[in-house]
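Chemist:
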Amino acid sequence: MIIPRRVCQIRPRRVILSGIQPTGIPHLGNYLGALSNWVKLQKSAEPEDKLLFSIVGWHALTLPQDPAALLTARNDMLAVLLAIGIDPNRSILFHQDHLRRMTTWKSRLAAARNSASEDEVDESLLNAGLFMYPVLQAADVLVYKATHVPVGDDQQQHIELTRDLADIFNRTFKGTSPLFPLPNYVNTPSKRILSLKDPTSKMSKSSPDVQSRILLTDTATQIQSKIRAAVTDSIQGITYDPKDRPGTSNLLTILAACTDSDVTQVAKTYESQGHGDLETRSAYLDETARRGAARAIEHSEETMGLAPPIRGDMSDSGKPPVH
Ligand code: AQP
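Sequence positions in the sequence shown follow the working numbering and run 2 to 324.
1) Taking only runs of the beta strand (DSSP E) that begin and end inside the region 16-77, which ones reach a length of at least 3 residues, in chain order?
2) Between the region 29-38 and the region 162-182, can you find at least three pairs of beta-carbon atoms closer than 8 Å?
3) When you compare only the Cα positions, how much space is there between D219 and A80?
4) Let me have the residue list for the ligand AQP: C-beta closer than 5 Å to any non-hydrogen atom, ordered along the chain.
5) Following the continuous alpha helix (DSSP H) through N171, name the residue where it begins and the one where it ends.
6) Roughly how many angstroms separate the alpha carbons of S19 and I26, rounded to a whole number?
7) Cutting at 8 Å between CB atoms, please list the residues of its own chain near K320, excluding the five before and the five after it.
8) At which residues does the alpha helix (DSSP H) containing P247 begin and terminate?
9) On the DSSP letters alone, give me the boundaries of the beta strand (DSSP E) that I93 sits inside.
10) Might you give, ordered along the chain, the residues of its own chain that have their beta carbon closer than 6 Å to the beta carbon of L216, omitting 5 neighbours on each side?
11) Would R15 pass as a contact of D50 if the rule is Cβ separation under 7 Å?
12) Whose C-alpha, out of T201, W59 and Q212, is nearest the C-alpha of R246?
13) Within 10 Å of its beta-carbon, does R75 have 16 or more other beta-carbons around it, so buried, or fewer, so exposed?
14) Check this for me: beta carbons of S207 and T24, under 7 Å apart or not?
15) Are I194 and G30 close, meaning C-beta to C-beta below 7 Å?
16) Is it the case that the Cβ atoms of V152 and V142 are separated by a distance below 7 Å?
17) Under a three-way DSSP split, which group does Y271 fall into?
18) So what does K1 bridge to, in DSSP terms?
19) By the 10 Å Cβ neighbour count, where 16 or more other Cβ atoms means buried, how is V323 classified, buried or exposed?
20) Within 10 angstroms of its Cβ, does M204 collect 16 or more other Cβ (buried), or is it exposed?
21) Return the residue from the list T148, L53 and Q97 that minimises the CA-CA distance to P13.
22) Let's test the definition: count the other Cβ atoms within 10 Å of the Cβ of M133 and tell me whether it reaches 16, buried, or not, exposed.
23) Measure the CB-CB distance between T233 and H276 and report whether it falls below 7 Å.
24) Would you report the Cα separation of L42 and I85, rounded to the nearest angstrom?
25) Whole angstroms are fine: how far does the CA of G58 sit from the CA of H96?
26) So V187 is in the beta strand (DSSP E); what residue range does that whole segment cover?
27) Tell me whether D199 is buried or exposed, calling it buried when 16 or more other Cβ atoms sit within 10 Å of its Cβ.
28) How should R101 be labelled, buried or exposed, when 16 other C-beta atoms within 10 angstroms of its C-beta is the threshold for buried?
29) Short of 7 Å in beta carbon distance, which residues of its chain neighbour S273, apart from the five on each side in sequence? Order them along the chain.
Take a look at the structure:
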């Protein structure tokens, strides 16, 4: 009899790294596309795994910012990350600028064009920083030799660039072993949540229309009203068809993500019903938000006291330092 040899597999230590710009209160897209994965990965990590989560202030400077508002947004972002369950004792939670972003350019230009008439768009506001930021992001990932990067769909292209840069570096500067691991993109089932007002573009913190996004700090009533006013279509019945029915499919994606269900199953449940039924099921979302808030308060009470005072490269006046 052949006894199968037991193969003892030791999983290599993972270095999980991701970041978020302090450009406003995070919305449901940020949460379902990326932040929920941060918390999941934190929970499932082995003791030897390293987790790093960063508030990427330098990336926010790719658009003109009011220094005082940016300072407040940085503090708010830290509070939200603690509130959703990032534990600063387990994960390294930090401001990128305390240590000394291709697709994005097009979407910024499109957003600017939607918010002003064509002649009013000041393309000079779209600066070189936007072109350069994928390189800055690659540097952030590589400096920690990250192996896993949990980000939304819009950032996948940047992780591919990071892999290419790491590979080029490793091949150019050959040592006994490659210096940089090639980082893996880690996604969620609902990797791209769309704007509630324009389901052809993604939900975004910087969109001028606040009704287009659900903030993690919105009340149940606010969430209900935003979902009810969401752009859908005039087709009878509910089907999941992201290409021809992006608004309806987006609501199904959100509902599936908030109830931890498969989107096609959720669509089946509503196939003979109308948009009103789908939108009143925001009770599910209300309940999810209520439960989330209760858990968040628990977490924030435990962890807010652990947050270090927010000081860094930016002075108390909110003005960035002059170098
Ligand atoms: N709509 C979205 N659906 C799924 N994931 C999303 N992410 C952003 N929007 C969606 C993911 O959230 C993480 C943090 O994003 P970020 O702040 O670093 O940059 P972003 O992608 O530019 O996010 P926003 O909300 O659109 O901010 P602004 O308006 O400032 O540009 C990333 O992992 C991102 O993929």
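Even for Gly, the Cβ is constructed at its ideal location relative to N, Cα and C.
Modeler: The structure says:
1) 16-21 and 51-56
2) Short answer: they don't touch.
3) 15 Å
4) I21, Q22, T24, G30, N31, G34, A35, V152, G153, D155, Q156, R193, I194, K203, M204, S205, K206 and S207
5) Element bounds for N171: Q157 to T173.
6) Cα-Cα distance, rounded: 17 Å.
7) A caution first: K320 carries a pLDDT of 41, below 50, which makes its placement in the model unreliable, though a value can still be read off. Around K320: P68.
8) P247 to C259
9) Its beta strand (DSSP E) spans residues I93 to H96.
10) I26 and H28
11) yes
12) Nearest to R246 by alpha-carbon distance, out of T201, W59 and Q212, is T201.
13) R75 should be labelled buried.
14) yes
15) yes
16) V142 sits away from V152, with the two beta carbons spaced by 7 Å or more.
17) helix
18) Any answer about residue 1 is impossible in this case: the structure gives the chain only from 2 up to 324.
19) In this prediction, V323 scores a pLDDT of 34, lower than 50, which makes its location untrustworthy; no coordinate-derived value is stated.
20) Buried is the call here.
21) T148
22) That one is exposed.
23) The answer is yes: Cβ separation under 7 Å.
24) Their backbone Cα atoms lie some 13 Å apart in a straight line.
25) 7 Å
26) N185 to V187
27) Counting Cβ neighbours within 10 Å, D199 comes out buried, since at least 16 surround it.
28) Reliability of the predicted coordinates at R101 is poor, the pLDDT of 46 falling under 50, and no value is obtained from them.
29) G238
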